[in-house]
Structures are given as C-alpha cells and as structure tokens.
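Here's the structure, in structure tokens; my notes come after.
There are 2 protein chains.
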Amino acid sequence: MTSLFTGLSAFPLTPLADDAVDQRAFAGLVRRLAAAGVDSITALGSTGSYAYLTAEERARVARLAVENADGTPVLVGVGALRTSQVLANVESAGAAGAAGLLLAPMTYQPLTHDDVVELFRAVTAATDLPVIVYDNPGTTRFEFTNELYARIAELPGIASIKIPGVPADPEAAREHVAAIRAVIPEHVTIGVSGDASAATGLNAGCEAWYSVIGGTLPEPALAITRAAQEGRAADAVAKSERLAPLWGLFTEFGGSLRVVAAIAEQLSLAPRGCLPLPIQPLSDDQRTRISGVLDELGLA
Amino acid sequence: MTSLFTGLSAFPLTPLADDAVDQRAFAGLVRRLAAAGVDSITALGSTGSYAYLTAEERARVARLAVENADGTPVLVGVGALRTSQVLANVESAGAAGAAGLLLAPMTYQPLTHDDVVELFRAVTAATDLPVIVYDNPGTTRFEFTNELYARIAELPGIASIKIPGVPADPEAAREHVAAIRAVIPEHVTIGVSGDASAATGLNAGCEAWYSVIGGTLPEPALAITRAAQEGRAADAVAKSERLAPLWGLFTEFGGSLRVVAAIAEQLSLAPRGCLPLPIQPLSDDQRTRISGVLDELGLA
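From first to last, the protein sequence lines stand for chains A and B. Going by this note's numbering, the first sequence opens with residue -1, and the numbers climb by one from there. Going by this note's numbering, the second sequence opens with residue -1, and the numbers climb by one from there.
Right, dumping it as structure tokens:
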C-alpha cells in the first residue's frame, strides 16, 4: 500500500516578479511536476518561500497548485510565527483542496518543546487533513529530538515527519532512521530532506524524499527515488553522486534555494530575480558556474 | 548634547487578549513609561512581539504609542521577513509620528552580509527617519560582525546600533565597545541590550540601554542608567546586582520575554496569557517563583 506520504514529493519555487507572485510561472512549474509523474507536490515549502508571503498570497498559491496539478496530490505548507496565522493558513489550504499540510515551527522567540507540541495539537485539532511535521533547523532554528518526534507523532492526524539530511555513512544513516522509526507509530512515514543525502536516506529506510531539486528538475530526482524504491540501492547512490557538482554548489552558494532559483531562471521557468528580497539573487559569476554544471550534467 | 539615541529606551510589551492587541493595556504601559521619565519608548521591539503582529496591528500599535507617550520620543520596530513588508511598516511608523525606527534583519532563509546591507540601504533610502541597527542573534539568528556594523553605519540615516549583551568583565566590555566605536561614525550611538549586562555596558561606553525590563519596571532601570550616566559606575553595578534574582529567572525560564510578561500580568498591567501563541505562558510554579522575587526586591 502506497501512502500519500511516500516517494518523491517535489517542492516548487513560488517565483516572484516585482514583489508579486508570478502566477503564470508558478502554474508552469506545477504542471511540469505533474507531467513528470512526481508522487506529490508540496507547495509553499521553504523552497516555495512560504515564510515571506501574506495570507492572501498563500491562499492564492495553494489554489493555483491544486488547479494545475492534474490530480497529483498537493501538500501545502501552513507554517507561520503565530498560531492564529497558522490556523488561517490551514483553513485556506483546506479550501484550496490540499491533500495534506506541512508545518514547521517557525521561530522568532525561541520555542520550548511544549510550545511546539501545543502548536501541533492546535493544528491537528482544527483540521481533518493529515499533517507532516517539518523539521528544518536550518531555517527555523528549532531543534527537534526523537523524544519530541514521539510526542508529536502520537497526535491524531500526524502522517509523516520531514527530517533533515541523514549521516553520509549508510550504516549510520540506517541507525539514525531506525532510532526515529522505533519511537513513532507505524503509520507515520519518515521523509528525508537535504537533497545531497536523499539517496542515502531512502536506502536507509526513509519512505519519502521531500525534495528541493525535485521541484525544478523532477526527472533526476525521480530516477533516484525509483531506484531506491525498487531496491537498487547502489544505483540510487550512483545517480545521486552523478549530481555531486550540483550538491557542491548548494554548499558553496549558501544553500539550495538560491541555486535552485538560479536554475529555474536559467531554464526560463521563472523570471530573473524570483526570490523575495532581502534574499539577493546570485551574482553573474555564480550563475555562469551554475550554467556550466547544468551543461556538464546534461540538465540545461 | 543629548541624542535621541542615548539613555534609557524602554521596550513595552504589546499585550494580547484573545489573540488581539489589548489596546487599553498597551496604552497603560506606555503612559506608565512616559510618567517615569524614560528617555525614549521603543514600541514593537522584540519585547513588543513585533514579529508576530500583522501590518495593521503594527500600524495601530505605533499610533497608540505616540498618542500615549506624552511627548516622550517613540521609536518603532519595523522588521519583517520581506523587504516590501519592512517598507510598509516604515511608512506606517512614520505616519504614526515615530521619532526613529528599529530594524532587525529577521531571517527564515539565512541571510548574507550583502543581503543585510541592501536591506538597510533600502530602508534608509525610503525614509528620513533615523534608524537603529538591531543586532539580536537570539531571535534573528543573524550574526553581525564589526566589519558589517561599519558597512551599515556609514549609510546616511543610521543613528545607533543596538548590540547584544557585553562581556561581564569590565575591561573586556570596554575593549568590546571600543572595537565597535573604532569602526563606526561618531554620530552613531551604541546601545546595549541584554538587561543583566546593561550596567557593565553603560560603564563601558555604551550611550544607550535598549531595555526589556525598563518597559515594565522603568524605575529600577532608570536608576541604573542615571548612575552610569553620572559617572557613578560602582553604584550602577550595585543597583544591577541587586536585581540578580531577576536576571537569574531570565536565564532559568528561557529568556526575558516570558518573565517580563509574567511580571506585567502579576502587576495587573497586562491580561493573563498576554504573549502570542505558540509562546506558552509560564507555569503556576514559575509564576510563584517570580512573585517571590518581586516581593524580595520590593517591586511588587
């Protein structure tokens, strides 16, 4: 049985033009993902700049995603700094036809474990939609523990946990995933993020890949995912290692988002300068490097 | 000559009741600060929960602050995740009659130094109001360097830098402040935050104290400030050390905000549970501890 929260979930950008959502570009990205056959589309993830958009923009983006997904399930990020704002996003995502929700504990003031448990309790009590626990310390600066995963995963409505990258060593990765698996209910899937470690994570027992690169370049991400799902572990790793120059740019240029935005711009999938300010676009020199890597990998 | 950006700037809470700004409680806090004779009032600082409020709520709070400050200069926090949202807050703060602006580089995606310089450039280009650079890594998770202070402080319109707590050792604190002073223009003041180290910071050459506790208990904060300003360095330190049980609770209960909110609630200056969710209120046991400290210090 395949759950909604398995396989490749592709995270499209939400491209901006002149500080407004470029609806045509966003719809195009979503249609491209549906056509490629990804297992789900997560709109308004970190890659989709959810944290920067107004409630109205987010409601519109959620609707556009569902309208253009051609039946592919759409998951929608609902995180916000204030619980009441999260609940408003939950309502608009539900109205848009989301199949599930993604919730990160955004922080300004540091949050306690109890704060975060009560946030997930409030959300799961307010909706029948399944919820992905979104652990992304690189953006939220909130640190989960396995004990906290366990407390949250027992809430009714929790369907999956999106974990950060796993250890590079396959055995260490397996132990890492097994330790989480041991403390959460069986119906809750574990999804890896951190694209460079996705093959290792899938091979180590993660049921899903919540993928940045898959939102803009779905084919290579699907090839890695299908190899791992079909038990071709070494093939999945080889397909990921082939993309090493791309993973290297993620590290060198300060994270995946700016690189993937530049790729989308390079492929004319998004207008130039599509990220929300104050996030500056990459420099011309950096873009030339990215073009070179895309050419080298046959992805241009 | 006394600048607007010297002395005690008191940061009031923005109390909520049922997830809406409690305008009466906020106005009362502001009037209390004006009556106590603080040098300025900074509305919508981190203590004022700016990051959690909508643009409309922030515009209303800025107006209420100016209306109730009885001529005391009001500085207004304008930070937001997206530059266009910051600029909207700049406009509403100006319309409300703010005397200056406080700007922290809020982050979701980690920001580069260039991102932050361009943010301050956009804001200073958009307003004639003087701007305080707000360095608060505990909430923004953005790390300034002295070199970055220098780049930003040379922008026209930058008036002050709000630095985190200084080293506890007086000589180390003096060197710390002198190193910043050496790289910024003379007209830019340095203000210390981190209430527990304020006396040390003022004695070390900081011209201002941007104060959490001063927003709810202005008298003891003013006593420390005036002692330092009048050259009674040991007296300033003694007055701060007297409050050590309070500083201890800040550390023990996860930061100043939850403690100061509980104090305001205890003193009937704010309704119970006045912080925005998901920030949970302190427990009854913790409140009992706080009451005990207030009694012990004669602040109840």
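For glycine and all other residues, C-beta sits at the position ideal for the given N, C-alpha and C. Here the structure is a predicted model, which means the values were calculated and not measured.
Extent of the continuous beta strand (DSSP E) to which residue i belongs
{"i": "residue 206 of chain A", "result": "206 to 209"}
{"i": "residue 75 of chain A", "result": "72 to 75"}
{"i": "residue 98 of chain B", "result": "98 to 101"}
{"i": "residue 187 of chain B", "result": "187 to 190"}
{"i": "residue 5 of chain B", "result": "5 to 8"}
N- and C-terminal bounds of the alpha helix (DSSP H) containing residue i
{"i": "residue 289 of chain B", "result": "282 to 294"}
{"i": "residue 182 of chain B", "result": "Note, residue 182 of chain B: premise wrong, no alpha helix (DSSP H); not H, not E."}
{"i": "residue 195 of chain B", "result": "Counting along the chain, residue 195 of chain B falls outside any alpha helix (DSSP H), and DSSP gives it neither H nor E."}
{"i": "residue 266 of chain B", "result": "That residue, residue 266 of chain B, is in no alpha helix (DSSP H); it is neither H nor E in DSSP."}
{"i": "residue 82 of chain B", "result": "81 to 94"}
{"i": "residue 217 of chain B", "result": "216 to 227"}
{"i": "residue 62 of chain A", "result": "53 to 66"}
Chain B residues whose Cβ lies nearer than 7 angstroms to that of residue i
{"i": "residue 116 of chain A", "result": "276 and 278"}
{"i": "residue 227 of chain A", "result": "Simply none; closest approach about 30 angstroms."}
{"i": "residue 17 of chain A", "result": "82"}
{"i": "residue 49 of chain A", "result": "79 and 106"}
Cβ distance (whole Å) where residue i is taken to contact residue j below 8 angstroms
{"i": "residue 210 of chain B", "j": "residue 258 of chain B", "result": "6 angstroms"}
{"i": "residue 223 of chain A", "j": "residue 245 of chain A", "result": "16 angstroms between Cβ atoms; not a contact."}
{"i": "residue 41 of chain A", "j": "residue 60 of chain A", "result": "6 angstroms"}
{"i": "residue 46 of chain A", "j": "residue 11 of chain A", "result": "6 angstroms"}
{"i": "residue 204 of chain B", "j": "residue 192 of chain B", "result": "Actually they are not in contact, since the Cβ atoms of residue 204 of chain B and residue 192 of chain B sit about 11 angstroms apart, beyond 8 angstroms."}
{"i": "residue 100 of chain B", "j": "residue 73 of chain B", "result": "6 angstroms"}
{"i": "residue 268 of chain A", "j": "residue 13 of chain A", "result": "4 angstroms"}
{"i": "residue 307 of chain A", "j": "residue 98 of chain A", "result": "In the structure as shown, chain A starts at -1 and stops at 298, and residue 307 of chain A therefore has no counterpart that could be examined."}
{"i": "residue 172 of chain A", "j": "residue 197 of chain A", "result": "In fact, because the Cβ distance is near 13 angstroms, the residues do not count as touching under 8 angstroms."}
{"i": "residue 9 of chain A", "j": "residue 62 of chain A", "result": "Rounded, the Cβ-Cβ distance is 15 angstroms, inconsistent with contact."}
{"i": "residue 155 of chain B", "j": "residue 122 of chain B", "result": "4 angstroms"}
{"i": "residue 76 of chain B", "j": "residue 124 of chain B", "result": "The pair is not a contact, with the Cβ atoms about 10 angstroms apart (cut-off 8 angstroms)."}
Partners in chain B for residue i, counting only beta-carbon separations shorter than 8 angstroms
{"i": "residue 220 of chain A", "result": "Those do not exist, as residue 220 of chain A stays about 26 angstroms from chain B at its closest Cβ, beyond 8 angstroms."}
Interface residues of chain B facing residue i [CB-CB closer than 9 angstroms]
{"i": "residue 139 of chain A", "result": "105 and 139"}
{"i": "residue 265 of chain A", "result": "In chain order: nothing, as chain B lies at least about 21 angstroms away."}
Residues that residue i contacts on chain A, provided the C-beta gap is smaller than 8 angstroms
{"i": "residue 252 of chain B", "result": "108 and 110"}
Contacts that residue i makes with chain A (C-beta to C-beta distance below 7 angstroms)
{"i": "residue 113 of chain B", "result": "276, 277 and 278"}
{"i": "residue 255 of chain B", "result": "107"}
Residue i CB to nearest heavy atom of the ligand ATP below 8 angstroms
{"i": "residue 118 of chain B", "result": "Ligands displayed in this structure: none; no statement on the ligand ATP is therefore possible."}
key: Every unbroken alpha helix (DSSP H) within the stretch 15 to 46 of chain A, with a cutoff of 4 residues, ordered by chain   = The stretch 15 to 46 of chain A contains these whole alpha helix (DSSP H) runs: 21 to 34.
request  = Could you pull out every unbroken alpha helix (DSSP H) segment of at least 4 residues lying fully inside the stretch 106 to 168 of chain B, listed in chain order?
outcome  = If one requires a minimum length of 4 residues, the alpha helix (DSSP H) runs lying completely within the stretch 106 to 168 of chain B are 111 to 124, 135 to 138 and 144 to 151, in chain order.
Meets three-Cβ-pair contact criterion under 8 angstroms: the stretch 103 to 111 of chain B and the stretch 137 to 157 of chain B = yes
Runs of beta strand (DSSP E) lying entirely within the stretch 233 to 262 of chain A, each at least 3 residues, in chain order = none
message = When you compare the stretch 211 to 224 of chain B with the stretch 154 to 168 of chain B, are there three or more beta-carbon pairs, one atom per stretch, that lie closer than 8 angstroms?
response = no
ask   = Are the stretch 179 to 187 of chain A and the stretch 217 to 232 of chain A in contact at 8 angstroms, needing three or more beta carbon pairs?
value = no
query = Is the stretch 280 to 298 of chain B touching the stretch 242 to 251 of chain B, taking contact as three or more C-beta pairs under 8 angstroms?
reply = When C-beta atoms of the stretch 280 to 298 of chain B are compared with those of the stretch 242 to 251 of chain B, three or more pairs fall below 8 angstroms, so the two segments count as touching.
ask   = When the Cβ atoms of the stretch 139 to 158 of chain A are set against those of the stretch 105 to 119 of chain A, are three or more pairs found closer than 8 angstroms?
value = yes
query = Quick one: any contact between the stretch 171 to 178 of chain B and the stretch 265 to 277 of chain A, if contact means 3 or more CB pairs under 8 angstroms?
reply = no
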